[in-house]
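Protein chains in written order, with the numbering used here: chain A, 210 to 326; chain B, 87 to 196.
Glycine included, every Cβ here is placed at the ideal spot set by N, Cα and C.
Written below as C-alpha cells is the structure these notes are about.
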Amino acid sequence: GAVVSQHPSWVICKSGTSVKIECRSLDFQATTMFWYRQFPKQSLMLMATSNEGSKATYEQGVEKDKFLINHASLTLSTLTVTSAHPEDSSFYICSARVPLVPTYEQYFGPGTRLTVT
Amino acid sequence: GIQVEQSPPDLILQEGANSTLRCNFSDSVNNLQWFHQNPWGQLINLFYIPSGTKQNGRLSATTVATERYSLLYISSSQTTDSGVYFCAGQATDSWGKLQFGAGTQVVVTP
C-alpha cells in the first residue's frame, strides 16, 4: 500500500511559539492531502484540505490564520500551528489521496502528538 | 454533510470469537473505507469498499450501497485485533473529504 510519513512524531512547545508539522507521501504523488485533528477518545475531525499549488480549504470553525497549510510540492504538505496555546494540544494526522480514478483511497500518516505547555 | 453512525461503540471479545461491526450512512457515498487505529494512533487501511464484499485474511467487509450501510466482520479474533475501528465515507460532492464515524473500541481478551 501507499506510505505516508509525518514529522515529528511528537513535539512539546511553549505557549506562544509556532510548530511546523510535515506530511510526505513517500511512494506516490498526492495532489490532495488532508489534515485532521483527534482529541483523546474521540474520532478524527477534518481541519482542512490541502491542494498542491493552491490555497488550502478550511473547514468551518478552523482558524486559517492559526493553522497555516502549505502544499508546495506533490509529495509534501506542511501544517504550522502559530502562536500555540495549551488548547491546541492534540493529535494531528495527515492523509494523502492516491490519485487513481475512479477510486480515491486515502492513506494516513502516523500522526503528530503536540503538547503545548 | 453526511452523518456516519457506527455500532456498537464498545465491544469486548474473548480470543477466538467472531464479531460484526456496522456503519450506517445518512446519504450515498462514493468512497467508503474501514480503518483500524492501533494503540500508537496509526490508522491502518483495512478496506476500500464502496460496494460489494471483500476479504483479507480473518477480516471481511460488505457494503450495501443502496441501503447505505457497511459491515466489518472479524473472525477468530486475536489480541492484536484490539483497538478502535473507524469507518469513513465520502459524499458524492465532497471533493474527496472523508466523514468519520465515532468508532468502535474493540478489546480482545486472552
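With residue i as the anchor, note down where its beta strand (DSSP E) starts and where it stops.
i, result
"A:H216", "213-216"
"B:D96", "96-100"
"B:N110", "105-111"
"A:A305", "299-306"
"B:A188", "Premise fails: B:A188 is in no beta strand (DSSP E) and is neither H nor E."
"A:Y316", "315-317"
"A:F276", "276-282"
"B:T92", "In the sequence on display, residue 92 of chain B carries Gln and not Thr. Segment 90-93, the beta strand (DSSP E) holding B:Q92."
"A:W219", "219-222"
"A:T287", "285-290"
"A:L358", "What the structure shows of chain A is the stretch from 210 to 326, and residue 358 of chain A is not part of that stretch, so it cannot be assessed."
"A:E231", "228-234"
Could you list which residues in chain B have their beta carbon closer than 9 Å to that of residue i, in chain order?
i, result
"A:G320", "W126, G127, Q128, L129"
"A:R246", "Going along chain B, no residue has its Cβ under 9 Å from A:R246, so there is no contact; the nearest lies around 12 Å."
Please list, in chain order, the chain A residues whose beta carbon lies closer than 8 Å to that of residue i.
i, result
"B:Q119", "E314, Q315"
"B:Y226", "Chain B is shown only over 87 to 196; residue 226 of chain B falls outside these bounds and no answer can be derived."
"B:G143", "What B:G143 touches in chain A: nothing, since even the nearest Cβ is about 15 Å away."
"B:G138", "Within chain A, no residue comes near B:G138; the closest Cβ sits about 13 Å away, beyond 8 Å."
Can you tell me which of the options puts its alpha carbon nearest to the alpha carbon of residue i?
i, options, result
"A:S234", "A:Q247, A:Q215, A:Y313", "A:Q215"
"A:G318", "A:V228, A:F243, A:K229", "A:F243"
"B:L157", "B:G189, B:E101, B:G127, B:D179", "B:G189"
"B:I88", "B:R108, B:V193, B:S114", "B:S114"
"A:A211", "A:Q315, A:E261, A:T326", "A:Q315"
"B:V150", "B:S137, B:T166, B:N142, B:Q176", "B:S137"
"A:F300", "A:V307, A:V213, A:R306, A:V325", "A:V325"
"B:P125", "B:I98, B:V90, B:G169", "B:G169"
"B:S162", "B:P94, B:T106, B:V90", "B:T106"
"A:H294", "A:K275, A:A281, A:I302, A:C303", "A:K275"
"B:T166", "B:D96, B:S93, B:G102, B:V90", "B:G102"
Mind listing the chain B neighbours of residue i? Cutoff is C-beta to C-beta under 8 Å, in chain order.
i, result
"A:I204", "In the structure as shown, chain A begins at 210 and stops at 326. Residue 204 of chain A is therefore absent and cannot be evaluated."
"A:G210", "N131"
"A:R306", "G182"
Compute the beta-carbon to beta-carbon distance between residue i and residue j, rounded to the nearest angstrom, for a pair I have assumed lies under 8 Å.
i, j, result
"B:R144", "B:I130", "The Cβ separation is near 14 Å, so there is no contact."
"B:Y134", "A:T312", "6 Å"
"B:L118", "B:G175", "5 Å"
Taking 8 Å as the cut-off, does the CB of residue i come closer than this to any heavy atom belonging to the ligand SAH?
i, result
"B:F172", "This structure simply doesn't include the ligand SAH, nor any ligand for that matter."
So which residues of chain A does residue i contact, with C-beta pairs closer than 7 Å?
i, result
"B:A147", "In chain order: nothing, as chain A lies at least about 14 Å away."
"B:F186", "S252, L253"
"B:F111", "None at all; the shortest Cβ gap to chain A is about 15 Å."
- [ ] Jot down the residue ranges of each uninterrupted beta strand (DSSP E) in the stretch 245-272 of chain A, minimum 3 residues, whole runs only, in chain order.
- [x] DSSP runs (the beta strand (DSSP E)) wholly in the stretch 245-272 of chain A: 253-260.
- [ ] With a floor of 4 residues, list each alpha helix (DSSP H) that falls wholly inside the stretch 114-173 of chain B, ordered by position along the chain.
- [x] Correct list: empty.
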